[in-house]
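Novice: Numbering (the numbering used here), first residue to last: 33 to 171.
Just so you know, even glycine gets a beta-carbon here, dropped at the ideal spot from N, CA and C.
Treat the numbers as computed from the prediction; the structure is a model and nothing was measured.
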């Protein structure tokens, strides 16, 4: 077997391929779009200018698995913004390396990537912050 092709395989897999790998490997039944977002965050670690190296698809698999466990422990759902973000920090921070001279931590970069990817989950469709619970909504 030629292992050299496996080393670079993460660069050759498409987004859809990686989403399929994560869904197959985790078998959690989670929303495909959320899993796609997790994969996109993981892929973004590979091109972030402050990171010397990013995570393979294994980081996305771990993020989904950790999110599922965190959700169970918290009595929550793994697609909630903070639960998923916490899972990404735990799962990805050990898989990425910052460039020399970068003052930020890997954790803060992962938080930035997560917030950028999932920002629409924390606001309404018009891009404004959600109203407090019980507040009347405009129609």
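Measure the C-alpha to C-alpha separation of residue 126 and residue 142 and round it to an integer number of angstroms.
Specialist: In a straight line, the C-alpha of residue 126 is about 11 Å away from that of residue 142.
Novice: Looking only at DSSP bridge pairs, what is residue 83 linked to?
Specialist: Beta-bridge pairing links residue 83 to 130.
Novice: Quick check: residue 123 and residue 60, are their CB atoms within less than 9 Å of each other?
Specialist: Against a cut-off of 9 Å, the Cβ pair of residue 60 and residue 123 comes out as no contact.
Novice: What's the gap between the Cα of residue 131 and the Cα of residue 68?
Specialist: Straight-line Cα distance between these residues: approximately 27 Å.
Novice: Which stretch, first to last residue, makes up the alpha helix (DSSP H) that contains residue 95?
Specialist: Here the alpha helix (DSSP H) through residue 95 covers 89 to 106.
Novice: Can you tell me which of the three DSSP states residue 212 falls into?
Specialist: Given a span of 33 to 171 for the chain in the structure shown, any question on residue 212 remains unanswerable.
Novice: How would you label residue 47, buried or exposed, when you count the other beta carbons within 10 angstroms and need 16 or more for buried?
Specialist: Exposed is the call here.
Novice: Does the pairing of the segment 71 to 88 with the segment 142 to 151 give three or more beta-carbon distances under 8 Å?
Specialist: Contact between the segment 71 to 88 and the segment 142 to 151 is present, because at least three Cβ pairs lie under 8 Å.
Novice: Would you say residue 91 and residue 77 are within 9 Å of each other, going by their C-beta atoms?
Specialist: The answer is yes: Cβ separation under 9 Å.
Novice: Under 8 Å Cβ to Cβ from residue 136, same chain only, skipping five residues before and after it: list those, please.
Specialist: So the list reads 82, 130, once near-sequence residues are dropped.
Novice: Suppose contacts are defined by Cβ-Cβ distances below 9 Å. Is residue 58 in contact with residue 93 by that definition?
Specialist: In this structure, residue 93 lies closer than 9 Å to residue 58 by Cβ.
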